[in-house]
Amino acid sequence: MAFRGNQSHFFHLFWWHFTDSPHLYESFRACAHAPASTSCPSPPLLLSALFVASDVLSVMHLFCVIPTDHFLPFGSVAPFHDDGLHYAKQEWIDRKLRWNPDDYLGITTIRVPSNRIWLPDVVLYDNSDGRFEATVTKAVVKYNGTISWTPPANYKSACTIDVTFFPFDLQNCSMKFGSWTYDGSQVDITLEEFHVDKKDYFDNGEWEIVKATGSRGLRTDSSSTYPTITYFFIIRRLPLFYTLFLIIPCIGLSFLTILVFYLPSNGGEKISLCTSVLVSLTVFLLVIEEIIPSSSKAIPLIGEYLVFTMIFVTLSIVITVFAINIHHRSSSTHHNMAPWVRRIFLHRLPKLLCMRSHADRYATAGVARTGGAEREGKMKDSAPELTSLLYTKHNLQAALESIRYITMHVVKENEVREVVQDWKFVAQVLDRMFLWAFLLVSILGSALLFIPVIYKWANIIVPKHFGSTL
Numbered sequence: 001m002a003f004r005g006n007q008s009h010f011f012h013l014f015w016w017h018f019t020d021s022p023h024l025y026e027s028f029r030a031c032a033h034a035p036a037s038t039s040c041p042s043p044p045l046l047l048s049a050l051f052v053a054s055d056v057l058s059v060m061h062l063f064c065v066i067p068t069d070h071f072l073p074f075g076s077v078a079p080f081h082d083d084g085l086h087y088a089k090q091e092w093i094d095r096k097l098r099w100n101p102d103d104y105l106g107i108t109t110i111r112v113p114s115n116r117i118w119l120p121d122v123v124l125y126d127n128s129d130g131r132f133e134a135t136v137t138k139a140v141v142k143y144n145g146t147i148s149w150t151p152p153a154n155y156k157s158a159c160t161i162d163v164t165f166f167p168f169d170l171q172n173c174s175m176k177f178g179s180w181t182y183d184g185s186q187v188d189i190t191l192e193e194f195h196v197d198k199k200d201y202f203d204n205g206e207w208e209i210v211k212a213t214g215s216r217g218l219r220t221d222s223s224s225t226y227p228t229i230t231y232f233f234i235i236r237r238l239p240l241f242y243t244l245f246l247i248i249p250c251i252g253l254s255f256l257t258i259l260v261f262y263l264p265s266n267g268g269e270k271i272s273l274c275t276s277v278l279v280s281l282t283v284f285l286l287v288i289e290e291i292i293p294s295s296s297k298a299i300p301l302i303g304e305y306l307v308f309t310m311i312f313v314t315l316s317i318v319i320t321v322f323a324i325n326i327h328h329r330s331s332s333t334h335h336n337m338a339p340w341v342r343r344i345f346l347h348r349l350p351k352l353l354c355m356r357s358h359a360d361r362y363a364t365a366g367v368a369r370t371g372g373a374e375r376e377g378k379m380k381d382s383a384p385e386l387t388s389l390l391y392t393k394h395n396l397q398a399a400l401e402s403i404r405y406i407t408m409h410v411v412k413e414n415e416v417r418e419v420v421q422d423w424k425f426v427a428q429v430l431d432r433m434f435l436w437a438f439l440l441v442s443i444l445g446s447a448l449l450f451i452p453v454i455y456k457w458a459n460i461i462v463p464k465h466f467g468s469t470l
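Mind the numbering: the sequence shown is residues 1 to 470 in my numbering, read in order.
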């Protein structure tokens, strides 16, 4: 990323240039006995004229100021979160450092230590590491007074992050530059270009710059006003990594909970599956907590989705325990089925849930009971005929009592079996009902998670949040 600004510095009516360390320019002294050329300066004349001689700049009026044009582009060759090389190229015109190249063997450019000339104290206000100064390097001075200074520096700025739509979030970060000691009456900073030049920015695998603009502002401190330039960077997180390794597994686990209601209730796998899914969701929640910055102002949608799914799984465990309890009910456990339960779960809900009606099974059982009664009647009708074949009435009565006992026992077993089957069928109806209910809730929950993301990526949320600052 790179940004540019045109700044005009105004300082007071006279300016002294001096130095008491001529040995700093040994590179020029080495050329004292060299042939005259454009690459070899004449230090006794040029350096003494520029830095040794003290002179007062004549002005027309006491309150006249000397304008100095200042050009400030900013560049970065590192991703946002890495400690890479940054540079801030600053250019300004120092009217005191001018010379005629014809008088100094055609020399048009010299390089001098930056700590021996006046430097603009433009710093990053919202600095996060406490280091405001740049590296001291040499400055390039041209014959017309233009000074170019490009010190390498590492600028770190902090911004508030909104993690609501993580990992499909957009962030608006700003960097404010301005003079530290010169107010608006001494240094005036103006913005040259509205858009930021990003030719020197190296692409990042996690973030990309969506928009980068600058604006001029004022910072008021007591009675002074300081002009500033603020650059806004709207960056977008690249969601592919988090989608593949975070969102898709979470959605898969939420839909895996639905299979709990498809398993038979007579096995012990239902509770085991629910518990395994709950533990997996807890691990994913801890991973998200490590990735996303801690903030109580905004809760990410993926976090809400995980919490919702955990409640979802916990509720499925409760329902599964209740369904298993119903599955194992019978007349021996003194659980008589209420008429409204029989009417709703055995006759109405199966039709709505596309299940086989319980009335068919009832009809089959009724035929079995009727057949047993008919056989009992036939046995009673044939009793007189059997009497003639038996030797004694006592043996006949004993045989009839045995037959009645066996018949009643069989009928009672059938009734007990029917009660058990009725409760098992109620448990199946509950599983089928919650299977469809949880499937619908999972689809709606996943849709509600991605609908805001779709709107955001369609540039509907971007103007709402950042339009006022651009």
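All C-beta atoms, glycine included, are put in the ideal place defined by N, C-alpha and C.
Bear in mind the structure is a predicted one, so any value in this text is a computation, not a measurement.
Please say whether SER174 and ALA139 have beta carbons closer to each other than 9 Å? No.
Residue closest to LEU346, alpha-carbon to alpha-carbon, out of ASP422, ASP103, GLY184: Comparing C-alpha distances from LEU346 to each of ASP422, ASP103, GLY184 shows the shortest one belongs to ASP422.
Based on the DSSP secondary-structure assignment, which residues constitute the bridge partners of HIS195? According to the DSSP secondary-structure assignment, HIS195 is paired through a beta bridge with THR213.
For GLN186 and SER224, what's the separation of their Cα atoms in angstroms? One C-alpha to the other measures close to 11 Å.
Here's the rule I'm using: 16 or more other beta-carbon atoms within 10 Å means buried, otherwise exposed. How should VAL277 be labelled? Classification for VAL277: buried.
Among TYR242, ASP94, THR282, MET408, which one has its Cα closest to the Cα of LEU253? The shortest Cα separation from LEU253 among TYR242, ASP94, THR282, MET408 belongs to THR282.
Buried or exposed: PHE241, going by 16 or more other Cβ atoms within 10 Å of its Cβ? Counting C-beta atoms within 10 angstroms of its own C-beta, PHE241 has fewer than 16 neighbours from the protein chains shown and is therefore classed as exposed.
With a 10 Å radius around its C-beta and 16 neighbouring C-beta atoms as the bar for buried, classify HIS409 as buried or exposed. It is exposed - the Cβ of HIS409 has fewer than 16 other Cβ atoms within 10 Å.
If you reduce the DSSP assignment to three classes, tell me which class ASN336 lands in. If DSSP states are grouped into helix, strand and coil, ASN336 belongs with coil.
Which of helix, strand or coil DSSP assigns to LYS138: It is a strand residue.
For the structure I just gave you, are there three or more beta carbon pairs, one from the region 245-260 and one from the region 313-329, closer than 8 Å? At 8 Å Cβ cutoff, the stretches touch.
Can you give me the C-alpha to C-alpha distance between LYS211 and LEU444, rounded to a whole angstrom? The alpha-carbon atoms of LYS211 and LEU444 are separated by roughly 33 Å.
Enclosing alpha helix (DSSP H) for MET310 [first to last residue]: Note, MET310: alpha helix (DSSP H), 301-327.
For PRO249 and ASN325, the rounded distance between their alpha carbons: Spanning the two alpha carbons is a distance of roughly 32 Å.
Check whether ILE147 and TRP92 have beta carbons under 9 Å apart: In this structure, TRP92 lies closer than 9 Å to ILE147 by Cβ.
Sort out for me which residues DSSP pairs ILE93 with in a bridge. Beta-bridge pairing links ILE93 to THR146.
Taking the Cβ atom as the reference point for each residue, do VAL429 and MET310 lie within a distance shorter than 9 Å? No, they are not a contact pair.
For ASP169, which residues in the same chain have their Cβ closer than 7 Å to its Cβ, ignoring the five residues on either side in sequence? Answer for ASP169: ASP162, VAL163, ARG237, listed in chain order.
Would the beta-carbon of ASP126 be found less than 8 Å away from any heavy atom of the ligand MG? The model on display carries no ligand, and the ligand MG is accordingly not part of it.
Taking the C-alpha atoms as reference points, what is the distance between ASP183 and CYS159? Roughly 26 Å separates the two Cα atoms.
Expected contact under 8 Å - CB spacing of PHE166 and ILE251 to nearest Å: About 15 Å; that fails the 8 Å criterion.
Distance check for LYS89 and TRP149, CA to CA, integer angstroms please. Each residue's alpha carbon lies about 6 Å from the other.
ARG342 in three-state terms, based on DSSP: ARG342 falls in the helix class under three-state DSSP.
Out of curiosity, what's the CA-to-CA distance linking GLN397 and ILE406? GLN397 and ILE406: Cα-Cα distance of roughly 14 Å.
What number of angstroms, rounded off, separates the C-alpha of LEU285 from the C-alpha of PRO239? Looking at the two C-alpha atoms, the distance is approximately 18 Å.
Could you check the C-alpha separation between VAL419 and ILE291 for me, to the nearest Å? VAL419 and ILE291: Cα-Cα distance of roughly 54 Å.
Own chain, CB closer than 7 Å to PHE194, minus 5 neighbours either side, in chain order: Excluding positions up to five away in sequence, the list reads THR213, GLY214.
Under the three-state reduction of DSSP, which class applies to GLU208: helix, strand or coil? Looking at GLU208 - three-state DSSP - the assignment turns out to be strand.
Assign VAL123 to one of three DSSP states: helix, strand, or coil. DSSP places VAL123 in strand when its eight states are reduced to three.
So, with DSSP's three-state summary, where would you put ASN115? In the structure shown, ASN115 falls within a helical segment according to DSSP collapsed to helix, strand and coil.
Buried or exposed for ILE288, going by 16 or more other Cβ atoms inside 10 Å? Under this definition ILE288 is a buried residue.
Bridge partners of LYS176, per DSSP? BP columns for LYS176 point to THR230.
What whole-angstrom Cβ distance do LEU97 and PHE177 have, given they're in contact under 8 Å? Not really, about 24 Å apart at Cβ, beyond 8 Å.
State buried or exposed for ILE247, treating a residue as buried only when at least 16 other CB atoms are found within 10 Å of its CB. Result: buried.
By how many angstroms is the C-alpha of PHE434 removed from the C-alpha of LEU353? Taking the straight line joining both Cα atoms gives about 10 Å.
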